[in-house]
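With the sequence shown counted from 1, adding 583 to any position gets you our numbering. Every residue gets a Cβ at the ideal spot worked out from N, C-alpha and C, and that includes glycine.
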Amino acid sequence: MIIIKSKQELELMREAGKVTALILRELEQFMKPGVATIEIDRFVEKTVKEHGMIAAEKGYCGYPASICVSVNDEVVHGIPSEDRILQDGDIVSVDLVVEHKGYMADAARTYGVGNISEKAKRLIETAERAFFEGMKYAKEGNRLSDISHAIQSVVEGEGFGVIRDFVGHGIGRDMHEDPQIPNHGKAGKGPRLQRGMTLAVEPMICEGDWEVDVLLDDWTAVTVDGGLSAHYENTVVITDGEPELLTL
Ligand code: MF3
Ligand code: CO
């Protein structure tokens, strides 16, 4: 069942979204060689608290940190670590969920460290462009998979792959609500979009093959072929007009 949010609920998600966006922007300063990924996690945890909110990934299904930090071939759910030191040329995906008075906002960005390859740049830009192409279909009356199909078309049009094992999702009181939102598929399927739906749309894409493995830490998902991966996510409200992006 897809939960339609009230005005009051949307207002709380909007506030959570603003803080999410602000923090993700501030993370640019950490994307330098020599930074340990745990430092990013500490900064986020502290800053979310200063806003009187909660970093909701911590403790979710036993997840041990306040953000997910996935470097290079890591797709999602990389665990911040003292030992993971950023290097020139790395690409780093950070995924953050902020909870405010019981309501969540979820967003992710991929950053470059120092000088990254042209292909890495194009991968990062493609994830973002695919999201915004998806937004052209995030309108009341359309079908959910219209978004999925638009995302897939952009990604494959660049010769990149769409990760299948992880999907976008509804969001609100719970981090993951119905519906699931794949980043691939035929247009014209799934539920009709209605105003008041709140969706985390999140293309996760890769340079090569979309097959992923989960490491022995039980969280970190990596591409099987070792190719780079990028992630771009925002929490979106369906309205009677243009979608409202809460985490931009
Ligand atoms: N924020 C992720 C998403 O986009 C979920 C992370 S799982 C967690 O849906 F355990 F790290 F929280
Ligand atoms: Co998400």
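Run the CB neighbour count on residue i, radius 10 Å, all protein chains shown included, and call it buried at 16 or more, exposed below.
{"i": "Arg692", "result": "buried"}
{"i": "Asn698", "result": "exposed"}
{"i": "Lys629", "result": "exposed"}
{"i": "Asp796", "result": "exposed"}
{"i": "Ile587", "result": "exposed"}
{"i": "Met584", "result": "exposed"}
{"i": "Gln591", "result": "exposed"}
{"i": "Ser700", "result": "exposed"}
{"i": "Leu595", "result": "buried"}
{"i": "Gln735", "result": "buried"}
{"i": "Asp656", "result": "buried"}
{"i": "Pro647", "result": "exposed"}
{"i": "Gly768", "result": "buried"}
{"i": "Glu598", "result": "buried"}
Less than 7 Å between the C-beta atoms of residue i and residue j, yes or no?
{"i": "Ala696", "j": "Asp729", "result": "First, the residue type needs correcting, since residue 696 is Val and not Ala in the sequence shown. Cβ distance not < 7 Å, so Val696 and Asp729 don't count as in contact."}
{"i": "Leu829", "j": "Thr822", "result": "no"}
{"i": "Gly755", "j": "Leu727", "result": "no"}
{"i": "Gly642", "j": "Cys651", "result": "no"}
{"i": "Met780", "j": "Phe749", "result": "no"}
{"i": "Ala721", "j": "Leu607", "result": "no"}
{"i": "Ile764", "j": "Val738", "result": "no"}
{"i": "Val677", "j": "Met687", "result": "no"}
{"i": "Val807", "j": "Glu790", "result": "no"}
{"i": "Ala733", "j": "Gly717", "result": "yes"}
{"i": "Ala843", "j": "Leu831", "result": "Because the chain is modelled from 584 through 831, residue 843 falls outside the range shown and cannot be assessed."}
{"i": "Asp624", "j": "Ser649", "result": "yes"}
{"i": "Ile621", "j": "Ser589", "result": "no"}
{"i": "Ala639", "j": "Val631", "result": "no"}
Can we count residue i as close to the ligand CO, meaning its CB is less than 6 Å from some heavy atom?
{"i": "Glu785", "result": "yes"}
{"i": "Asp796", "result": "no"}
{"i": "Asp689", "result": "yes"}
Where does residue i fall in DSSP's three states?
{"i": "Gly791", "result": "coil"}
{"i": "Thr620", "result": "helix"}
{"i": "Gly824", "result": "coil"}
{"i": "Glu816", "result": "strand"}
{"i": "Thr781", "result": "strand"}
{"i": "Arg560", "result": "Beyond the ends of the chain as shown, which are 584 and 831, falls residue 560; an answer cannot be given."}
{"i": "Arg756", "result": "coil"}
{"i": "Asp678", "result": "strand"}
{"i": "Val737", "result": "helix"}
{"i": "Glu611", "result": "helix"}
{"i": "Met552", "result": "Residue numbering for the chain in the displayed model covers 584 to 831; residue 552 lies beyond these limits and cannot be assessed."}
{"i": "Met584", "result": "coil"}
{"i": "Asp729", "result": "helix"}
{"i": "Gln591", "result": "helix"}
When every heavy atom of the ligand MF3 is checked, does at least one fall within less than 6 Å of the C-beta of residue i?
{"i": "Cys651", "result": "yes"}
{"i": "Tyr646", "result": "yes"}
{"i": "Asp748", "result": "no"}
{"i": "Tyr643", "result": "yes"}
{"i": "Val805", "result": "no"}
{"i": "Val675", "result": "no"}
{"i": "Asp678", "result": "yes"}
{"i": "Glu633", "result": "no"}
For chain C, check one thing: does any of its Cβ atoms lie closer than 7 Å to the Cβ of residue i?
{"i": "Arg775", "result": "Absent from the structure is chain C; it holds one protein chain and no more."}
Looking at C-beta atoms only, is the number of pairs between the stretch 602-616 and the stretch 664-679 that lie closer than 8 Å three or more?
-> yes
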